[in-house]
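Trainee: I'd like to ask you about the structure that follows.
Residue numbers (our numbering): 14 to 283.
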């Protein structure tokens, strides 16, 4: 992962929340929130909360739980705060998942929606989650499978690299889809002091249009910063290239593409 792989700035939070959340995130957020709610926690910490898709889903299911939502990027967290409203009991705080500003044994659950892949040191992130969890607490998170199992993202990335064959443009393979080895994930989680309880594949369908998918991937994710830094094309040109590739693959109008992720539940050693 490069430094720009985790940059969510400028127009990214708005496009991400308006287009990418309903396209690929909301269904998985609902499933993860269901799993957290079944535990019945009093205190929940969310790391890498982004624009709050999982946050809102947890509030809907656990209105009495004390939820603290954190993210490294203030613009993403501000978008989450705006979406959930001032009347919400959620506490928002900027924080790195690798250096959480909370005492030991503070939470019953640490939850993370598609954020672990962005951690510079994933084991360190799992260890921090273990530190702030009470004995017997739970870690609940999800990660994307390889990009080949996530069709629309795969089409977009392949189209850009076909025009500018630079490995820098493999951002999506490298980072969002770069932590997809179940054996590695289990090993990382267990080395951080957890017992893996479940490791479930989640298959679904993404619904969007070629134009919206191209726009949000090329301009509403950190891929935008990668494109700008690489310099072989502008984000607008990349969007046009991706749109053309998606139209060639799926045709005009509404499109559907398979998406696949993993949902992991683990318990902290007493």
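A virtual CB, placed ideally from N, CA and C, is assigned to each residue, including glycine.
#1: In or out: residue 264 buried (at least 16 other Cβ within 10 Å) or exposed?
#2: Considering only the alpha carbon of each residue, which of 108, 173, 172 and 203 lies closest to residue 152?
#3: Rounding to the nearest angstrom, what Cα-Cα distance links residue 37 and residue 281 in this structure?
#4: Pick helix, strand or coil for residue 298, following the three-state DSSP scheme.
#5: Can you give me the Cβ contacts of residue 256 inside the same chain, cut-off strictly under 7 Å, excluding the 5 residues immediately before and after it?
#6: What span of residues does the alpha helix (DSSP H) with residue 10 cover, start to end?
#7: Would you kindly check if the distance between the Cβ of residue 181 and the Cβ of residue 239 is under 8 Å?
#8: Just how far apart, CA to CA, sit residue 120 and residue 50?
#9: Tell me whether residue 21, by its Cβ, gets closer than 7 Å to a heavy atom of the ligand MN.
#10: With DSSP run on the structure shown, which of helix, strand or coil describes residue 246?
#11: Can you tell me the Cα-Cα spacing of residue 127 and residue 155, whole angstroms?
#12: When you compare the CB positions of residue 219 and residue 270, do they come within less than 8 Å of one another, or not?
#13: Going by C-alpha to C-alpha distance, which of 96, 215 and 63 sits closest to residue 274?
#14: Assuming the contact rule is C-beta atoms closer than 8 Å, residue 34 and residue 64 should be a hit. Round their C-beta distance to whole Å, please.
#15: If we ignore side chains and look at the alpha-carbon of each, how far apart do residue 140 and residue 205 end up?
#16: Rounded to whole angstroms, what is the Cα-Cα separation between residue 195 and residue 157?
#17: Which stretch, first to last residue, makes up the alpha helix (DSSP H) that contains residue 186?
#18: Would you call residue 197 buried or exposed, if buried means 16 or more other Cβ atoms sit within 10 Å of its Cβ?
#19: Suppose the cutoff is 8 Å on Cβ atoms and the five residues either side in sequence are ignored; what does the same chain contact list for residue 171 look like?
#20: Can you tell me whether residue 17 is helix, strand or coil according to DSSP?
#21: Exposed or buried, which one is residue 261 when buried takes at least 16 other CB atoms within 10 Å?
#22: Taking buried to mean at least 16 other C-beta atoms within 10 Å of its own C-beta, is residue 175 buried or exposed?
Mentor: In this structure, then:
#1: By the neighbour-count criterion, in which 16 or more other beta carbons inside 10 Å mark a residue as buried, residue 264 falls on the exposed side.
#2: It is 203 whose Cα lies nearest to the Cα of residue 152.
#3: For residue 37 and residue 281, the gap between their C-alpha atoms comes out near 29 Å.
#4: It is not possible to answer for residue 298, since the shown part of the chain is limited to 14 through 283.
#5: So the list reads 223, 224 and 227, once near-sequence residues are dropped.
#6: Because the chain spans 14 through 283 in this model, residue 10 falls outside it and cannot be assessed.
#7: Yes, the Cβ-Cβ distance between residue 239 and residue 181 is below 8 Å.
#8: Roughly 14 Å separates the two Cα atoms.
#9: Annotation note on the ligand MN: not contained in the displayed structure, which lists no ligands.
#10: Coil, per DSSP.
#11: Distance between the alpha carbons of residue 127 and residue 155: 5 Å.
#12: The Cβ atoms of residue 219 and residue 270 sit closer than 8 Å to each other.
#13: When only C-alpha atoms are compared, the closest one is 215.
#14: Yes, they are in contact, since the Cβ atoms of residue 34 and residue 64 sit about 6 Å apart, within 8 Å.
#15: About 5 Å.
#16: Rounded to whole angstroms, the gap between the alpha carbons of residue 195 and residue 157 is 11 Å.
#17: First-last of the alpha helix (DSSP H) with residue 186: 184 to 187.
#18: Residue environment analysis places residue 197 among the exposed positions, since fewer than 16 neighbouring C-beta atoms fall within 10 angstroms of its C-beta.
#19: The answer, listed in chain order, is 258.
#20: Residue placement at residue 17 is flagged as unreliable, the pLDDT there being 47, under the threshold of 50; a coordinate-derived value is accordingly withheld.
#21: A residue is called buried once 16 or more other Cβ atoms fall within 10 Å of its Cβ, and residue 261, having fewer, is exposed.
#22: Per the 10 Å Cβ criterion, exposed.
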